[in-house]
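The structure under discussion appears below in the form of structure tokens.
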DNA sequence: CCTGATCTTTGCCCAAAAACAAGAAATATG
DNA sequence: CATATTTCTTGTTTTTGGGCAAAGATCAGG
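Residue numbers (the numbering used here), protein chains in the order written: chain A, 497 to 693; chain B, 497 to 693.
Dropping the structure here:
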């Protein structure tokens, strides 16, 4: 893990990969961001908190999960270059149903909703950045619904591998299983070439 | 069905229910919108088209669906006061995997991506409107994933009724079934009080 | 490098819902 | 108002994947 992070460089990357930001906006954004480092299995957000932060992953990965009847169900994975937050809490200002957990020791940038609101009001560009991030997330989620809705466990898994080929090397299978809406056992059987075709 | 539509009034409603728009922006938006009327089972978008329009429903309802192995699968319903479009085609500029069909004779307002781009560039407010619409859609979709992922057919149906109580009076059960990711037969059994509890 | 904790595989049985197949009810159309 | 067409219900069989239990593998920490 890098010891030093150049926030300006990261903001340039965001500007390049999502939507261009003016220098002024980039400067304000750099000053609004806070660097965080976390070890594996650190918890960023707990159920019930008002989670008014968004995290940008510079290095490592994280997941959002919730407890359904005591069972841990993963709802979202995020890797380098992606944002993660407890979206219900963040957008609706309600207690978070989700936990957010670090899956791989890494570096995050934190941005509060207040700062996002200020930046969005001040800079048209920044409003567009938020729109772009939300739109990308919407399209990913849309794909996921299609996958969950009418595919077999096997197809769902293959689909995920298509989008996130390296995921099995970075994330425990339990989390992948609950993310796909299948049990760990079923996932295990699917992965065993002796079963299936 | 009303014979006359006051677009300005509708735009005021949009401004009030999504996010405030300045008078100038509202004026430009009014001029950019086109009124359309459709009968039941009219097709707004066909699979394969570059669907660069978004529709706002003034009266009536519509659905987006796609064909999976020849089977008709409903992906989205929209009612009065909501927007509908073929989101993949609209945002990614690819051929639409979806059809969009009118389920109830009604009135729509059409807005093209070009006009949305122009309005978004010209008005910070309008960019915020788009962000707001996309965010609302994201949160709805998020709820839907939770519902599909780990609930029984019965729970999924009850969930839908919670959000859209009148839907069974307005939409054929086949479409509700595929939307929920269950078969028409299973839905029929769930709805029959003799079965289940 | 040992050991306990966590993660994964495997086997067996069972429940939920899908597939298939009629048939009934409701709705549209001439 | 009669008939065609679409929509919905019901019965039966089959499949998929879940629940539980136990054993095996992997990993982190002392």
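Cβ atoms here follow ideal geometry from the backbone N, Cα and C, with glycine treated the same way.
For this session: Tell me, please, whether the segment 528-540 of chain A touches the segment 603-612 of chain A by the rule of three or more beta-carbon pairs shorter than 8 Å.
Result: yes
Problem set entry | For residue 601 of chain B, three-class secondary structure by DSSP | Position 105 of the second chain holds residue 601 of chain B. Three-state result, residue 601 of chain B: strand.
Exercise. Quick one: which chain A residues come within Cβ less than 8 Å of residue 583 of chain B?
Worked result: Position 87 of the second chain, counted from the start, is the residue given in the question as residue 583 of chain B. The answer, in chain order, is 634, 635, 638.
Exercise. Chain A partners of residue 620 of chain B, CB-CB under 7 Å?
Worked result: As a first step, residue 620 of chain B must be located in the second chain, where it is residue number 124. By Cβ distance, chain A contributes 620, 623.
Problem set entry | Secondary structure of residue 693 of chain B, DSSP reduced to three states | Counted from its first residue, the second chain places residue 693 of chain B at position 197. With a pLDDT of 41 at residue 693 of chain B, under the threshold of 50, the modelled position of that residue is not reliable, and the figure given next carries that caveat. Residue state, collapsed to three classes: coil.
Exercise. Residue 557 of chain B and residue 666 of chain B: beta carbons closer than 8 Å?
Worked result: Position 61 of the second chain, counting from 1, holds the residue named residue 557 of chain B. Position 170 of the second chain, counting from 1, holds the residue named residue 666 of chain B. A contact, by the Cβ cut-off of 8 Å.
For this session: Kindly list the residues whose CB is nearer than 6 Å to the CB of residue 693 of chain B, restricted to its own chain and excluding five residues on each side of it in sequence; keep chain order.
Result: In the second chain, the residue the question calls residue 693 of chain B occupies position 197. Per-residue confidence for residue 693 of chain B stands at a pLDDT of 41, beneath the threshold of 50, marking its modelled position as unreliable; no derived number is given.
Exercise. According to DSSP, which residues form a beta bridge with residue 581 of chain B?
Worked result: Here residue 581 of chain B corresponds to residue number 85 of the second chain, with the count starting at 1. According to DSSP, which records beta bridges pairwise, residue 581 of chain B is partnered with nothing at all.
For this session: Indicate whether at least one CB of chain A lies closer than 8 Å to the CB of residue 681 of chain B.
Result: By one-based count along the second chain, residue 681 of chain B stands at place 185. Output row for residue 681 of chain B: interface = no.
Exercise. Would you say residue 560 of chain A and residue 594 of chain A are within 8 Å of each other, going by their C-beta atoms?
Worked result: Numbered from its first residue, the first chain carries residue 560 of chain A at position 64. Numbered from its first residue, the first chain carries residue 594 of chain A at position 98. Yes. Within cutoff.
For this session: Could you spell out where the beta strand (DSSP E) holding residue 523 of chain A opens and where it closes?
Result: Your numbering for residue 523 of chain A matches position 27 in the first chain. Premise fails: residue 523 of chain A lies in the alpha helix (DSSP H), 519-528, not in any beta strand (DSSP E).
Exercise. Between the segment 506-521 of chain B and the segment 621-628 of chain B, do three or more beta carbon pairs fall short of 8 Å?
Worked result: yes
For this session: Check whether the Cβ of residue 677 of chain A lies closer than 8 Å to any Cβ atom in chain B.
Result: Your numbering for residue 677 of chain A matches position 181 in the first chain. Closer than 8 Å: yes.
Exercise. The segment 640-668 of chain B: which residues have C-beta closer than 8 Å to a C-beta of chain A, in chain order?
Worked result: 640, 641, 642, 644, 645, 646
Exercise. Are the beta-carbon atoms belonging to residue 682 of chain B and residue 634 of chain A less than 8 Å from one another?
Worked result: As a working note, residue 682 of chain B is residue 186 in the second chain. As a working note, residue 634 of chain A is residue 138 in the first chain. Contact: no.
For this session: Kindly give me the distance between the Cβ atoms of residue 592 of chain A and residue 547 of chain A, rounded to whole angstroms, as I take these residues to be in contact under 8 Å.
Result: As a first step, residue 592 of chain A must be located in the first chain, where it is residue number 96. As a first step, residue 547 of chain A must be located in the first chain, where it is residue number 51. With 8 Å as the limit, residue 592 of chain A and residue 547 of chain A qualify as a contact, their Cβ atoms being about 4 Å apart.
For this session: Note down, in chain order, all residues in the segment 498-531 of chain A with a beta-carbon under 7 Å from any beta-carbon belonging to chain B.
Result: none
Exercise. Should residue 541 of chain A and residue 596 of chain A be called a contact, given that it needs their Cβ atoms to be closer than 8 Å?
Worked result: By 1-based counting over the first chain, the position of residue 541 of chain A is 45. By 1-based counting over the first chain, the position of residue 596 of chain A is 100. Going by C-beta atoms, residue 541 of chain A is nearer than 8 Å to residue 596 of chain A.
Problem set entry | DSSP-derived helix/strand/coil call for residue 534 of chain A | As a first step, residue 534 of chain A is located in the first chain; it is residue number 38 there, counting from the start. Note: residue 534 of chain A maps to strand in three-state DSSP.
Exercise. Going straight from the alpha carbon of residue 644 of chain B to that of residue 645 of chain A, what length do you get?
Worked result: On the second chain, position 148 is the one that residue 644 of chain B refers to. On the first chain, position 149 is the one that residue 645 of chain A refers to. Between residue 644 of chain B and residue 645 of chain A, the C-alpha separation is close to 7 Å.
Problem set entry | Whether residue 525 of chain B touches residue 507 of chain B by CB criterion (8 Å) | Residue numbering aside, residue 525 of chain B sits at position 29 when the second chain is read from its first letter. Residue numbering aside, residue 507 of chain B sits at position 11 when the second chain is read from its first letter. Yes, the Cβ-Cβ distance between residue 525 of chain B and residue 507 of chain B is below 8 Å.
For this session: Using DSSP bridges, identify the partner residues of residue 567 of chain B.
Result: If you number the second chain from 1, residue 567 of chain B lands on position 71. Partner(s): B/564.
For this session: Compute the Euclidean distance between the alpha carbons of residue 659 of chain B and residue 653 of chain B, then round it to the nearest angstrom.
Result: What you label residue 659 of chain B is simply residue 163 of the second chain in a count that begins at 1. What you label residue 653 of chain B is simply residue 157 of the second chain in a count that begins at 1. Approximately 10 Å between the Cα atoms of the pair.
Problem set entry | residue 603 of chain B: contacting residues in chain A (beta-carbon distance under 9 Å) | Residue mapping note: residue 603 of chain B aligns to position 107 of the second chain, counting from 1. Going along chain A, no residue has its Cβ under 9 Å from residue 603 of chain B, so there is no contact; the nearest lies around 26 Å.
Exercise. Is residue 571 of chain B buried or exposed, if buried means 16 or more other CB atoms sit within 10 Å of its CB?
Worked result: Stepping through the second chain from its first residue, residue 571 of chain B is reached at position 75. It is buried - the Cβ of residue 571 of chain B has at least 16 other Cβ atoms within 10 Å.
For this session: Taking only the alpha-carbon atoms, compute the straight-line gap between residue 511 of chain A and residue 578 of chain A and give it to the nearest angstrom.
Result: Working through the first chain from its first residue, we reach residue 511 of chain A at position 15. Working through the first chain from its first residue, we reach residue 578 of chain A at position 82. In a straight line, the C-alpha of residue 511 of chain A is about 13 Å away from that of residue 578 of chain A.
Exercise. Tell me the DSSP bridge mates of residue 541 of chain B?
Worked result: Counting from 1 along the second chain, the entry for residue 541 of chain B is found at position 45. Paired residue(s): B/596.
Exercise. Apart from the five residues on each side of it in sequence, which residues of its chain come closer than 6 Å, Cβ to Cβ, to residue 695 of chain A?
Worked result: Residue 695 of chain A cannot be examined here, being either before or after the span of chain A that is shown, 497 to 693.
Problem set entry | Residues in the segment 538-549 of chain B having any Cβ partner in chain A nearer than 8 Å | none
Exercise. Apart from the five residues just before and just after residue 677 of chain A, which ones in its own chain have a Cβ nearer than 6 Å to its Cβ?
Worked result: Along the first chain, read from residue 1 onward, the residue named residue 677 of chain A stands at position 181. So the qualifying residues of the chain are 644.
Exercise. So which residues of chain B does residue 569 of chain A contact, with C-beta pairs closer than 8 Å?
Worked result: Start at 1 with the first residue of the first chain, and residue 569 of chain A comes out as number 73. 645, 646, listed in chain order.
For this session: Could you please give the first and the last residue of the uninterrupted alpha helix (DSSP H) stretch that includes residue 675 of chain A?
Result: Against the first chain, residue 675 of chain A aligns to sequence position 179. From DSSP, the alpha helix (DSSP H) with residue 675 of chain A extends over 669-676.
Exercise. So which residues of chain B does residue 554 of chain A contact, with C-beta pairs closer than 9 Å?
Worked result: To locate residue 554 of chain A, count along the first chain from 1; it is residue 58. Here the premise fails: no neighbours, minimum Cβ distance about 24 Å.
Exercise. Residue 631 of chain A versus chain B: which residues are under 7 Å apart at the beta carbon?
Worked result: Counting from 1 along the first chain, the entry for residue 631 of chain A is found at position 135. Those are 587, 630, listed as they occur along chain B.
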